[in-house]
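Novice:
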Amino acid sequence: MLFVWCLTATAQTPLTDCQNSLKQGDYAHARTICERSLQAVTKDSDEALGVLLSLIDIYQHLQNKPQLKQTIEQAFQHPAFASDTTAQYDWHRKVGQKYYFDADYVKAKEHLNQAFQLALDNNNPEWLSKSHNDMGLVELKLGDYKSALSHYQQSLKLKHQFGSDYQIARTLNNLGRIHLYLEQPDKAVSYYESALNYYLKYAESKDIDHRVFMDIAHLYEDLTKAYSAANNTQKAQYYALAISESLGTKNNTSEQVRALINLAQWHLDNGHLDVLYQLLTTAKALMDQNQTNPELLTQWYLLQAKMLHQNHQIPEALSAIENGLLISNDLNEDSLKIDLLYLKAELLEDQSPRQALQAFKQYQQLRSQFLQQKYDTDLKTVQHQIETQKIQQQLLNQELTNSRQQQKLHHLTNMILIAGMVLISMAAFMIFYQYKRKKEKQALIQSIRYHKHQLLMFQTTQKPELTVSTENHKEALKKALVESLIDATIIWEKTTQTSQIELAEQSKIWTVSIDNGTLRARSLEKYLSLEKIPDNPRWRNVVQTNHFILSQDNLQKQDRQILEKHIECIMDEVRALSLKS
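Going by full-length UniProt numbering, the first residue of the sequence shown is number 1, and it counts up by one from there.
As structure tokens, this is what we get:
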């Protein structure tokens, strides 16, 4: 997930005492051990430099900024630093980490990139596996999703060869995070669950780094967000409870605030406003005591604004939004600003339409930039490569597992072997049987849905014989389709505050493409004009689009009646044409 030091030592020395204490995850105790170790070694020795680098980690986690700044400078000025490439690599990563936690991602990238160059110059695959992960983190925060994915791809590939299960889990965790940014919660869940499996596998091994349990607790927060976004309320609730249980394990203010904010988001999604208020109050008190990451503070203002909105305190909500926007201007990543602008436009719609329109235009510009990255062809290619790489690794792991199982089976007696094969056969039969039943059930459901849809499309009452020509009905059908889709897009944009592109993407009925850097839904646009509509229009696409919009919960009654009337009109023309033919 984040950054790890890579110093090595072979004997039980003050340096190894310091490093081993750090692995226990108790940073306050590790500080005592490492400060004692620093006193026990020669000031200008390599060991002293190693202890200083460990103390950087400790002071960073304890949020002791004066000591952190002093120790970073001491390590840089140490006599052995200029000739020790390993120390230089570690130092740049740790300083990059410091700026990353301060949300100064430009400076973080400067130092992390220097560490990356050292890894390249030394052709060190272990360093490269970590630095690719580091660069992915900072590129994500800078909004370059394609570069972030490319770095994660290389990191995962190298870690499978040279890293531990702990290291693999960190990169899988970050792959989950970027897919959540890209609004692909199902893929995010898959990566997060894979990361959890690797974390737990590592935790069961010997001589572990106990900081893995902190990473697992943090992963619970990510899983809560991902499952909420994927509308899996049961799983989201399970991990939200896990967050509550792990609050006492947080060792510093930033971790506590982050956990409280993530938990507050879940309670907001589920309408628990009283609990939400308590969590936000606790988080704000912690932030007031310490200098807080501006990204966390922006998230806090966004949650406060949403809570005030639900309590109908519109002026107070707008004030919270302005505070959040002021801070977000200094952030390099726009997702929080997008959410704040959308909420601002929604709140101002009734009382100040002009300001609402201005906010919505800002939102639309940032949202369009995000969508261009989301649908970038190169980014999709990297995603596919990572998925393929993941599948290949799973197959390799399965082959290794099967090989080990075969070696064990050779030591069993013939009777045990036969019994085992019988059990396996029975299990396979049961799985096949369940799978077959499931497929039959799915086929039946699909068939029922199809016939229901056909009934909806062609159900009609007996009408008097029509006397108009087939050609007139065709023109009337085209006109009905155009009028219907024009009203449908207007109602969609008004109801969802999103564009035709979002309608095409979410409904899966119309094709979205990139034309000269601009997202277009050309197949939909043809049906908005009588001059452009095809001679043999796909009337089912228009009807299905109306039904998709009708499925929106917040659709107004009048708009619902308009769409239903359009559907009835289209079906009348279709039935008339059918009778003529």
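Note that CB positions come from ideal geometry on N, CA and C, so glycine has one too.
Fair warning: this is a prediction, and the values are worked out from it, not measured in the lab.
Measuring CA to CA, which of Thr545, Asn554 and Leu485 is closest to glutamine 497?
Specialist: Asn554
Novice: Would you call the segment 151–170 and the segment 127–140 in contact, with 3 or more CB pairs under 8 Å?
Specialist: yes
Novice: So lysine 508 and histidine 210 are in contact, right, with Cβ under 8 Å, and what is the actual spacing, rounded?
Specialist: Not quite, the Cβ-Cβ distance comes to about 46 Å (not below 8 Å), so this is no contact.
Novice: Can you check which of these residues, Asp121, Gln39, His61 and Ile56, is closest to asparagine 251 by C-alpha distance?
Specialist: His61
Novice: Classify glutamate 255: buried if its beta carbon has 16 or more other beta carbons within 10 angstroms, exposed otherwise.
Specialist: buried
Novice: Determine contact between the segment 537–553 and the segment 480–487, defined as no fewer than three beta-carbon pairs at a distance below 8 Å.
Specialist: Contact between the segment 537–553 and the segment 480–487 is established, with three or more Cβ pairs separated by less than 8 Å.
Novice: Which stretch, first to last residue, makes up the alpha helix (DSSP H) that contains arginine 538?
Specialist: Per DSSP, arginine 538 belongs to no alpha helix (DSSP H) and is neither H nor E.
Novice: Could you have a look at residue 582 and say whether DSSP puts it in helix, strand or coil?
Specialist: Residue 582 is absent from the model: the chain starts at 1 and stops at 581.
Novice: Spatial neighbours of glycine 163 within its chain, please: C-beta separation below 6 Å, excluding the five flanking residues on both sides.
Specialist: Ser129
Novice: Who are the near neighbours of tyrosine 527 in its chain, counting only those whose CB is closer than 8 Å to its CB and skipping five residues on each side?
Specialist: Leu481, Val482, Leu485, Ile533, Pro537, Asn541 and Val542
Novice: For serine 499, name the three-state secondary structure that DSSP assigns.
Specialist: Serine 499: coil per DSSP, three-state reduction.
Novice: Start and end of the beta strand (DSSP E) containing isoleucine 514?
Specialist: Where isoleucine 514 is concerned, the enclosing beta strand (DSSP E) stretches over 513–515.
Novice: Going by the CB atoms, is the gap between histidine 179 and alanine 169 shorter than 8 Å?
Specialist: no
Novice: What number of angstroms, rounded off, separates the C-alpha of isoleucine 570 from the C-alpha of histidine 309?
Specialist: 40 Å
Novice: In the DSSP assignment, find the unbroken alpha helix (DSSP H) run with threonine 42 in it and report its ends.
Specialist: First-last for threonine 42: undefined, no H or E at that position.
Novice: Determine the contact status of asparagine 174 and glycine 143, defining contact as a CB-CB distance below 8 Å.
Specialist: no
Novice: Taking all protein chains shown into account, decide if threonine 489 is buried (16 or more other Cβ within 10 angstroms of its Cβ) or exposed.
Specialist: buried
Novice: Should leucine 93 be labelled buried (16 or more other beta-carbon atoms within 10 Å of its own) or exposed?
Specialist: Checking the sequence, you will find arginine at residue 93 rather than leucine. With 16 or more Cβ atoms within 10 Å of its Cβ, arginine 93 is classed as buried.
Novice: Return the CA-CA distance between aspartate 44 and valine 51, expressed in angstroms with no decimal places.
Specialist: 12 Å
Novice: Excluding sequence positions up to five away, which residues of its chain have a Cβ less than 7 Å from the Cβ of valine 257?
Specialist: Ala283, Leu286, Met287, Thr292 and Leu296
Novice: Can you say whether lysine 452 is buried or exposed, counting buried as having 16 or more other CB atoms within 10 angstroms of its CB?
Specialist: Summary for lysine 452: the model assigns pLDDT 42, below 50, so the residue's position carries little reliability; its value from the coordinates is reported in the next sentence. Exposed: under 16 other Cβ atoms inside 10 Å.
Novice: Using only the alpha-carbon positions, how far apart do asparagine 124 and alanine 82 sit?
Specialist: 19 Å
Novice: Taking leucine 276 as part of the alpha helix (DSSP H), name the residues at either end of that continuous run.
Specialist: 273–289
Novice: Quick check on the DSSP output: what are the complete alpha helix (DSSP H) runs of length 4 or more inside the segment 202–229, in order along the chain?
Specialist: 212–229
Novice: When you compare only the Cα positions, how much space is there between histidine 29 and leucine 241?
Specialist: Going by the C-alpha atoms only, they are around 29 Å apart.
Novice: Does DSSP put leucine 477 in a helix, in a strand, or in coil?
Specialist: Helix at leucine 477.
Novice: As an exercise, report each continuous alpha helix (DSSP H) stretch of at least 4 residues that is fully enclosed by the segment 61–121, in chain order.
Specialist: Listed in chain order, they are 65–77, 85–101 and 105–121.
Novice: CB threonine 249 to CB tyrosine 239, shorter than 8 Å?
Specialist: no
Novice: How would you write the range of the alpha helix (DSSP H) that threonine 253 sits in, first residue to last?
Specialist: 253–269
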